[in-house]
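Student: This note's numbering applies: residue 3 is where the sequence shown begins, and numbers increase by one.
Quick reminder that beta carbons are idealized off the backbone N, C-alpha and C, glycines included.
Just so you know, these numbers come straight off a predicted model, no measurement behind them.
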Amino acid sequence: MSTVTALKKSKQNIAPKAWHERYADADKAKVRRVLRWFDDEANDHSRAHLARAADVNTSTLSQVLGGTYPSHPVNHLRKLIDAMAMIDAREQGHAHAIAFVATSTYKLAEKICDRAREFRDFGVLFGYVGTGKTRALNEYCSRHPGALYMRAFGGLTRSVLMKKLTELTGANVRTQSRYSSGTVADKKEAIITALSGTERLLIVDEANRMVDACFEDLRDISDDAQIGIVMAGTEHLEPMVQDSHGRFGQISSRIGFWPPVIRGITENDAYLITQAAYDSDTLDPEVLDMYWQQCGGSARTLSKLIASVMKYCKRKKCEPSAKIISDCYQKTMRPSRVRALGGVK
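1. With three or more beta-carbon pairs closer than 8 Å as the criterion, would you say the stretch 14 to 23 touches the stretch 37 to 49?
2. Which residues in the same chain as Lys30 place their Cβ atom closer than 7 Å to its Cβ, once the five residues preceding and following it in sequence are excluded?
3. With Ile193 and Leu167 assumed to form a contact (beta carbons below 8 Å), what rounded beta-carbon distance in angstroms separates them?
4. Nearest to Tyr108 by alpha carbon, out of Cys143, Asp283, Gly199?
5. Could you tell me the distance, in whole angstroms, from the CA atom of Gly230 to the CA atom of Asp207?
6. Whole angstroms is fine: what's the gap from Asp271's alpha carbon to Ser106's?
7. With three or more C-beta pairs closer than 8 Å as the rule, is the stretch 257 to 271 touching the stretch 295 to 305?
8. Quick one: Cα of Arg211 to Cα of Glu237, how far?
9. Residues in its own chain within less than 7 Å of Leu170 by CB, not counting five upstream and five downstream?
10. Would you say Val36 faces chain D, with C-beta separation under 8 Å as the test?
11. Locate the alpha helix (DSSP H) running through Asp286, then write down its first and last residues.
12. Report the three-state DSSP secondary structure of Ala192 (helix, strand or coil).
13. When we look at the beta-carbon of Ser282 and count the other beta-carbons within 10 Å, is it buried (16 or more) or exposed?
14. Tell me the start and end of each unbroken beta strand (DSSP E) in the stretch 58 to 142 that is at least 3 residues and wholly inside, in chain order.
15. Measure the beta-carbon distance from Leu239 to Phe128 and round it to whole angstroms, keeping in mind my assumption that it falls under 8 Å.
16. Quick check on the DSSP output: what are the complete beta strand (DSSP E) runs of length 3 or more inside the stretch 210 to 242, in order along the chain?
17. My output table needs one value for Ile308: the three-state DSSP class, helix, strand or coil.
18. Could you give the DSSP three-state label for Tyr25: helix, strand or coil?
19. Using a Cβ-Cβ cutoff of less than 7 Å, which residues in the same chain neighbour Ile89 once the five nearest sequence positions on both sides are dropped?
20. Look up Ile327 in the DSSP assignment and say whether it is helix, strand or coil.
21. Throw me the rounded Cβ distance for the Thr33 and Val66 pair, which I believe falls under 8 Å.
22. Mind the definition here: the stretch 217 to 236 touches the stretch 114 to 130 only if three or more C-beta pairs lie below 8 Å; say whether that holds.
23. Starting from Ala20 and walking both ways along the beta strand (DSSP E), at which residues does that stretch end?
24. If I follow the unbroken alpha helix (DSSP H) through Met335, where does it start and stop?
25. Considering just the uninterrupted stretch of the alpha helix (DSSP H) at Ala56, what are its terminal residues?
26. Excluding five sequence neighbours on each side, which residues of the same chain lie with their C-beta closer than 6 Å to the C-beta of Arg145?
27. Leaving out five residues on either side along the sequence, give the residues of the same chain with a beta carbon under 7 Å from the beta carbon of Ala278.
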């Protein structure tokens with residue numbers, strides 16, 4: 003942090019000289035605590051960032067910290083301090099962010115996306131939950147600016163799909179009335195116009211959660227705009243699109259590559275993720291093996307277990323071991339009912 007920036011922060015975060023009558027002594031102490039947090043040299047977070055994290059309006063935050071809030075500030079201060087604690091915990095490694103690793107899931111996703119983009123047809127990615135599909139697709143989009151990512155959700159309808167794709171593509175929807183946002187057909191036509199002639203790739207994650215009609219809309223967009231579309235989802239997506247004589251047979255015939263369902267990460271994936279988390283390639287083989295045994299082929303479980311073990315080891319000031327990993331998994335990752343019954347036989 004530069005000297006000028008530090009001086010600006012210090013001047014901005016001076017405690018109020020006068021307080022509104024609604025401020026109790028405890029409230030004043032909390033205000034000073036928040037201001038000290040901003041003044042910490044290791045902290046580069048802005049007031050706007052904390053306001054967003056705490057779900058407090060920025061103008062309200064300014065009033066609260068300025069001692070001028072006209073009502074009791076206790077609830078807002080509680081939210082601010084709670085958000086500060088979570089931000090600090092995350093930055094201290096209690097909620098550890100693991101560097102991206104090009105796992106087997108990513109390599110398959112990359113192959114599918116590249117092929118769909120090259121041949122301007124449909125690609126599909128199937129995988130069990132927790133195998134890293136979403137992170138792989140987001141990483142692909144970060145490496146390829148021409149790729150557009152959207153995530154479906156339960157019951158996603160045609161109108162919502164068209165609205166999301168209109169926003170994603172920046173399509174200009176022409177309507178009969180300035181008071182109308184356009185029909186589904188208007189939006190689809192605008193999306194096709196926006197994508198036509200481009201080398202874009204559209205990725206729809208969790209596609210198995212869309213309503214059936216959305217699949218037909220995606221087929222129209224791919225055909226008319228001549229772009230590739232990748233649909234990703236759980237293993238339940240596969241039977242929805244693979245029957246060439248079924249309802250989505252016209253999509254099935256447009257899929258040029260049928261990958262296997264990803265049932266879990268590989269042992270090598272687990273080793274790479276663990277080494278990336280610890281930023282070390284010299285971890286004890288027993289530690290690596292225990293992480294692999296406990297994750298059950300789930301990248302998500304592995305990441306959460308690593309974070310739990312790191313937090314424990316930091317608190318106890320010790321190095322990870324196979325026993326610590328096993329204990330953390332038993333105590334924090336397994337359902338309480340299974341633990342109470344003595345585990346699965």
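Tutor: Judging by the given coordinates:
1. yes
2. Trp21
3. 5 Å
4. Cys143
5. 14 Å
6. 7 Å
7. yes
8. 12 Å
9. Leu150, Met152
10. In the structure shown, chain D does not exist; there is a single protein chain.
11. Unbroken run through Asp286: none, as it is neither H nor E.
12. helix
13. exposed
14. 124 to 128
15. 6 Å
16. 230 to 235
17. helix
18. coil
19. His47, Ala55
20. helix
21. According to the sequence as given, residue 33 is Val; it is not Thr. Between Val66 and Val33 the Cβ distance is about 7 Å, and since that is below 8 Å, they are a contact.
22. yes
23. It is not in any beta strand (DSSP E) - Ala20 carries neither H nor E in the DSSP assignment.
24. That residue, Met335, is in no alpha helix (DSSP H); it is neither H nor E in DSSP.
25. 49 to 56
26. none
27. Ile100, Ala101, Val103
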